[in-house]
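Enquirer: Structure incoming, see below.
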Amino acid sequence: MKRLLLLCFPILAATQLLAQDQAAAQQAWMDYMTPGKIHQMLAHSDGTWNYELTLWMSPDAPPAKSTGTSENKMILGGRYQESVHKGNFGGMEFEGHGLLAYDNAKKIFQNSWVDNMGTGIMFMEGPWNDASHSLTLTGKTYDPMQGKDIEVKEVITILDNDHHKMEMFYVKDGKDIKSMEMLLTRAK
217 MKRLLLLCFP ILAATQLLAQ DQAAAQQAWM DYMTPGKIHQ MLAHSDGTWN YELTLWMSPD
277 APPAKSTGTS ENKMILGGRY QESVHKGNFG GMEFEGHGLL AYDNAKKIFQ NSWVDNMGTG
337 IMFMEGPWND ASHSLTLTGK TYDPMQGKDI EVKEVITILD NDHHKMEMFY VKDGKDIKSM
397 EMLLTRAK
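Heads up, the numbering used here is the position in the sequence shown plus 216, with the first residue counted as 1.
This is the structure we're talking about:
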């Protein structure tokens, strides 16, 4: 009997470790998939917004301006915020789609962007700054004029509950060059 117990002990120990590993894995997945306070913060931006867009094709050129609307909504159980932007730019209909996430495990925001002015996906990520009420995302996007990927930075600032500002920069010689500013006002 003693020998049988000695033979079974490794099996029992392995079973117990497996059960602990399964419980830890299950908890890790629950923590990863459960929307939290930051996701609730994102949900405050849900709704329809009107925007005024200013675009600089080069730093020394006069800016072009346009207006449009943005529709934000939390999707997939409050895990992601989907944004659809529509407007008219230079006589062309414009539509862009963004998907903003907060990765619970990495503790960082992630954003993807596609629009009808290109065929690629821009992906950026970055941290929230509670002191300035802003999100700074960095990444790369393809510039067809240069024929290569370029570094970009996007700063989204929550001015108040009804006013947000989004600024877009590209990096040239280590310096941020502002290329776009979007002022958003919540539609009433």
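Don't be surprised by glycine CBs; every beta carbon is placed ideally from N, CA and C.
Computed from a prediction, not measured in an experiment: that's the story for all the values here.
Per the contact definition of three or more C-beta pairs closer than 8 Å, is the segment 257 to 267 in contact with the segment 284 to 293?
Expert: Judged by Cβ distances under 8 Å, the segment 284 to 293 makes contact with the segment 257 to 267, as three or more pairs qualify.
Enquirer: Tell me which same chain residues have a C-beta within less than 7 Å of the C-beta of D392, skipping the five on either side of it?
Expert: Excluding positions up to five away in sequence, the list reads K369 and F385.
Enquirer: Can you list the beta strand (DSSP E) stretches of 3 or more residues lying completely in the segment 254 to 312, in chain order?
Expert: Listed in chain order, they are 263 to 271, 280 to 291 and 296 to 305.
Enquirer: Three or more beta-carbon pairs under 8 Å between the segment 352 to 371 and the segment 334 to 343, yes or no?
Expert: At 8 Å Cβ cutoff, the stretches touch.
Enquirer: Give me the Cα-Cα distance between P343 and N320, rounded to the nearest whole angstrom.
Expert: Going from the Cα of P343 to the Cα of N320 covers about 12 Å.
Enquirer: Closest to S261 by CA distance: which of D376, M273 and G306 is it?
Expert: Ranking D376, M273 and G306 by Cα distance to S261 puts D376 first.
Enquirer: Alpha carbons only, please: which of K302, I366, E397 and E383 is nearest the one belonging to D389?
Expert: Residue I366 is the option with its Cα nearest to D389.
Enquirer: Return the first residue and the last residue of the beta strand (DSSP E) that D359 is part of.
Expert: From DSSP, the beta strand (DSSP E) with D359 extends over S350 to D359.
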